[in-house]
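**Student:** Submitted below is the structure of interest, expressed as C-alpha cells.
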Amino acid sequence: MIRAELRRAWALVWKDLLIERRAKAAFNAMAFFAGMVLLTFGFALGPDAPGFATGEGTLLQYLSPGLLWVAILFTGQLAADRSFQLELERGGLDALRVYPGDRKALYFGKLLANLAVLLLMEMLLLPFAAILYSLDLWGCLPALAGIAVLTTLALAATGTFYAALTANLRARQVLLPLLLFPVLIPVVLAAVKATALVLRGDPMNELASWVKLLASADVLFLAVSALTFEYVVEE
Amino acid sequence: MTNVAHAVIEARGVRKRFGRAWGLRGIDLTVESGEIVGLLGPNGSGKSTLLRLLSTAARPSAGELRLFGRAPEREAAVIRQRIGVLAHASGLYGELTARENLRFAAMMYGLPPAQPALDVRLAEAGLAHAADARVRTYSQGMLQRLALIRATLHDPDLVLLDEPYTALDASGLTLVDRALADLRSAGKTAVVATHLVERSLRHCDRALVLSAGRVVYDGPAAAVPASVFPSAMEGVA
C-alpha cells in the first residue's frame, strides 16, 4: 500500500520535473526574477555603503541573509503557483482528482518536485549573491546548505498546500502570497538569523536554536498540510 | 433499490449546487453491472456535472451516491481504481509525449509502465506515428483518441465518457464505436454523455435524458420519445 503511494508520488515528481525541463521558460523566468531582486537591492542600497553595528563590511553584506531569503521566498511562491498552473491548462487537476490512491501521494509528489526546483534555483542564486555582495561562502557551505534545505522544505511544504488551495480561484495570484507570506514569517526570520550566524560567526551559540525552529516548522507544516490536503484538493 | 449487491451506480436525490444555482436538482438512478447508458440532454442540462460526481472529481451538495456499493466520500480511493474517465478537458500534458502521458497514467493507476503494452494501445488508436511527439502539437481529434486510451488503460469496471465523439474524424468515430462495443462484450458498465444521439444510442441499452438538472426520461435507448428532447432527437429512427 505504502509502496503504491510512493510510486504515485514518484510519478508526479517525474512528470513535473520533465515538464519543467522541457518548458525551460518557467525556470529561467524564476531564476531571472530572483537574480533581479538581488540586483535591485544591490543598486538600491549601494555597493559601498558601510554596514552598521560592527562597522565591518558593507551594508549589503550585513543585510545579505535577509535579502537572499526574501528573493527565495518570492521565487518559492512563483514556483508553487506554477506547479498547479500547469495542471489547470488542460483539466489536469480534474484528471489528478480521479486517479486512485491517497491524496497524500499527490501532495508529496508536488512538494518534492517544487523542492527540487527551488533547491536547484538556490544553487544558482547563492554563488550569484556571493559575487554580487562580495560574500565569502566557501568556508560555510555545508552549514548554509543545511539551512537552505530546512528552510526550502518549509517554503515548498506551505507553498504546495496554498497553491492547491488557490488553484481554482480567479484571484489566486493575489491570494497566494497573502495567505503564504504571513505563515512563513517565522521560517524566514529563523532562516535569516541562522544564515547571519553562519556568515558572521556565532559567539553565543544561538545557531542550534534557530535550526531547531526551522526543523520544527518543517515537521508542523508537513504534518498539517499532508493531513488536510485531501480537503483542499477536493472541489 | 433492486439488486443492490450488483448495482454499479446508485444515486438517491443527488443534487449539486454552484453558488446559488443548482446544476442537478435531485437525481435518482440505479445502473447495474454491464449496462451501457446514454446520457442525453441539451447544453446546461447537467450531464457533465453528473459525470463529475460519478467520477468522484466532485461531491454532491445533497443526496446519497454509492458506486460499487461504496460511499465516495469515505472510500473514493478504492472506487477510483475501478473507474475510467474521459472528461471534457483531456487532462493530458502538452509538454509530454503521448507515450510519456500514458506512462504517467499507468504509474498513477499502479500499473507497470511497460512500453510494449502502451505501444499496442497507441497503435490501435492510430497514434503510433505520433507516439513521441509532444502532445501540444496534437490536433483536438488526436487528443481525444489519446484521452480515450488513458481512460481505459487500467481496464476499469465503470467507464464515464463525456462527449467521446468530439472533434473526431471518421476513423476516430469508429474507434469510439469499437471501444463501446468492446466494453459491452467485456461486460463493463459505461455512461456516455453525448450530443450525437443517433450514433451513441446504437451502443446503449438504456437512455437517461436530463433537462434543467432533472431526469425527464429513463428507459430503453431504442424507445426515447422525441418529445423529451426534441432538438437532439431529430433524425433518430
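Protein chains in written order, with our numbering: chain A, 1 to 235; chain B, 1 to 237. Cβ atoms here follow ideal geometry from the backbone N, Cα and C, with glycine treated the same way.
1. Anything in the stretch 5–32 of chain A with a Cβ closer than 7 Å to a Cβ of chain B? List those residues in chain order, please.
2. To the nearest whole angstrom, what separates the beta carbons of B/Val31 and B/Thr189, a pair I think is in contact under 8 Å?
3. What does DSSP give as the partner residue(s) for B/Val192 in the beta ladder?
4. Does the beta-carbon of B/Thr2 have 16 or more other beta-carbons within 10 angstroms, so that it is buried, or is it exposed?
5. For A/Ala25, does the count of other Cβ atoms within 10 angstroms reach 16, so buried, or fall short, so exposed?
6. Since A/Glu5 and A/Gly101 should fall inside the 8 Å C-beta cutoff, what is the C-beta to C-beta distance between them, to a whole number of angstroms?
7. Would you say A/Phe229 lies against chain B (beta-carbon separation less than 8 Å)?
8. If we ignore side chains and look at the alpha-carbon of each, how far apart do A/Tyr133 and A/Ser64 end up?
9. Which chain A residues are close to B/Tyr217, counting only those with a beta carbon under 8 Å from its beta carbon?
10. When you compare the CB of A/Tyr107 with every CB in chain B, is at least one pair closer than 8 Å?
11. How far does the alpha helix (DSSP H) with B/Tyr109 in it reach, from first residue to last?
12. Using a Cβ cut-off of 9 Å, pull out every chain B residue sitting near A/Pro65, in sequence order please.
13. To the nearest angstrom, how far is it from the Cα of A/Ala190 to the Cα of B/Lys16?
14. Use the C-beta contact count for B/Ala87: other C-beta atoms within 10 angstroms, 16 or more gives buried, fewer gives exposed.
15. Run down chain A in chain order and give the residues with a C-beta less than 8 Å from the C-beta of B/Val165.
16. On the DSSP letters alone, give me the boundaries of the alpha helix (DSSP H) that A/Glu5 sits inside.
17. Starting from the beta carbon of B/Gly91, find every residue of chain A whose beta carbon is closer than 7 Å, and list them in chain order.
18. List the residues of chain A that B/Ile83 touches, going by C-beta distances under 7 Å, in chain order.
19. According to DSSP, is B/Tyr217 part of a helix, a strand, or is it coil?
20. With a threshold of 16 other CB atoms inside 10 Å of the CB of B/Asp162, please say whether the residue is buried or exposed.
21. Does any residue of chain B bring its CB to less than 8 Å from the CB of A/Gly42?
22. If we define contact as Cβ-Cβ less than 8 Å, is A/Asp48 a contact residue for chain B?
23. Out of A/Lys104, A/Thr152, A/Gly46, state which residue places its alpha-carbon closest to the alpha-carbon of A/Leu73.
24. Using a Cβ cut-off of 7 Å, which residues of the stretch 141–162 of chain B contact any Cβ in chain A, in chain order?
25. Interface residues of chain B around A/Asp102 at Cβ under 9 Å?
26. Could you tell me if B/Pro156 is buried or exposed, where buried requires 16 or more neighbouring beta carbons within 10 angstroms of its beta carbon?
27. Using a C-beta to C-beta distance shorter than 7 Å, which residues of chain A count as neighbours of B/Ser55?
28. Going by beta-carbon coordinates alone, are A/Ala79 and A/Leu118 separated by less than 8 Å?
29. Distance cutoff 8 Å, beta carbons only. Does B/Arg17 sit that close to anything in chain A?
30. From the DSSP secondary-structure annotation, give me the bridge partner or partners of A/Pro50.
31. If contacts are defined as beta-carbon pairs under 8 Å, then A/Val211 and A/Trp69 qualify, I think. What distance do you get, rounded to the angstrom?
32. Is the Cβ-Cβ distance between B/Gln144 and B/Gly187 less than 8 Å?
33. Whose CA, out of A/Leu213, A/Ser216, A/Gly159, lies closest to the CA of A/Ser225?
34. Since B/Ala87 meets chain A, which of its residues come closer than 9 Å, beta carbon to beta carbon?
35. Express the C-alpha separation of B/Leu96 and A/Ile19 in angstroms, rounding to a whole number.
36. Output the boundary residues of the beta strand (DSSP E) element that contains B/Val14.
**Tutor:** With the structure as the only source:
1. Listed by position along the chain: Arg7, Arg8, Ala11, Lys15, Leu18, Ile19, Arg22, Ala23.
2. The pair is a contact, with the Cβ atoms about 6 Å apart (cut-off 8 Å).
3. B/Gly38, B/Leu161.
4. Since pLDDT at B/Thr2 reaches only 45, below the 50 mark, its modelled position is unreliable, and the value read off the structure follows with that caveat. Under a 10 Å Cβ-count criterion, B/Thr2 is classified as exposed, with fewer than 16 other Cβ atoms of the shown protein chains found around its own Cβ.
5. So A/Ala25 counts as exposed.
6. That belief holds up - the Cβ atoms of A/Glu5 and A/Gly101 are roughly 6 Å apart, short of 8 Å.
7. Residue-level contact check: A/Phe229 does not touch chain B, since none of the beta carbons of chain B fall below 8 Å from its beta carbon.
8. Approximately 7 Å, taken between the alpha carbons.
9. For B/Tyr217, there are no C-beta contacts with chain A under 8 Å, since the nearest C-beta of that chain is about 28 Å from it.
10. Not closer than 8 Å to any Cβ of chain B, the Cβ of A/Tyr107 fails to qualify, so no.
11. In the DSSP assignment, B/Tyr109 falls outside any alpha helix (DSSP H), carrying neither H nor E.
12. Within 9 Å Cβ-Cβ: nothing; A/Pro65 doesn't reach chain B, min ~36 Å.
13. Going from the Cα of A/Ala190 to the Cα of B/Lys16 covers about 46 Å.
14. The residue is buried, with at least 16 neighbouring Cβ atoms inside 10 Å.
15. The sequence given here places Tyr at residue 165 of chain B; Val does not occur at that position. For B/Tyr165, no chain A residue has a C-beta closer than 8 Å to its own C-beta; the minimum C-beta separation is roughly 18 Å.
16. A/Glu5 -> alpha helix (DSSP H) spans 2–22.
17. Residues of chain A whose Cβ lies closer than 7 Å to the Cβ of B/Gly91 are, in chain order, Arg90, Gly91, Gly92, Asp94, Ala95.
18. By Cβ distance, chain A contributes Val98.
19. Strand at B/Tyr217.
20. With 16 or more Cβ atoms within 10 Å of its Cβ, B/Asp162 is classed as buried.
21. Not an interface residue.
22. By this cut-off, A/Asp48 is not an interface position.
23. Distance check between A/Leu73 and each of A/Lys104, A/Thr152, A/Gly46 places A/Thr152 closest, using alpha-carbon atoms only.
24. Listed in sequence order: no entries.
25. For A/Asp102, the neighbours in chain B by C-beta distance under 9 Å run, in chain order, Ala77.
26. Counting other Cβ atoms within 10 Å of its Cβ, B/Pro156 reaches 16 or more and is therefore classed as buried.
27. Ordered by position in chain A, the residues that pass the 7 Å Cβ test against B/Ser55 are Val98.
28. Yes.
29. False, the Cβ-Cβ gap to chain A never drops below 8 Å.
30. Beta-bridge partners assigned by DSSP to A/Pro50: A/Thr58.
31. In fact, because the Cβ distance is near 15 Å, the residues do not count as touching under 8 Å.
32. The answer is no: Cβ separation not under 8 Å.
33. By alpha-carbon distance to A/Ser225, the top candidate from A/Leu213, A/Ser216, A/Gly159 is A/Gly159.
34. Within 9 Å Cβ-Cβ: Gly91, Asp94, Ala95, Val98.
35. One Cα belongs to A/Ile19, the other to B/Leu96, and the distance between them is close to 7 Å.
36. 7–18 is the span of the beta strand (DSSP E), which, as asked, contains B/Val14.
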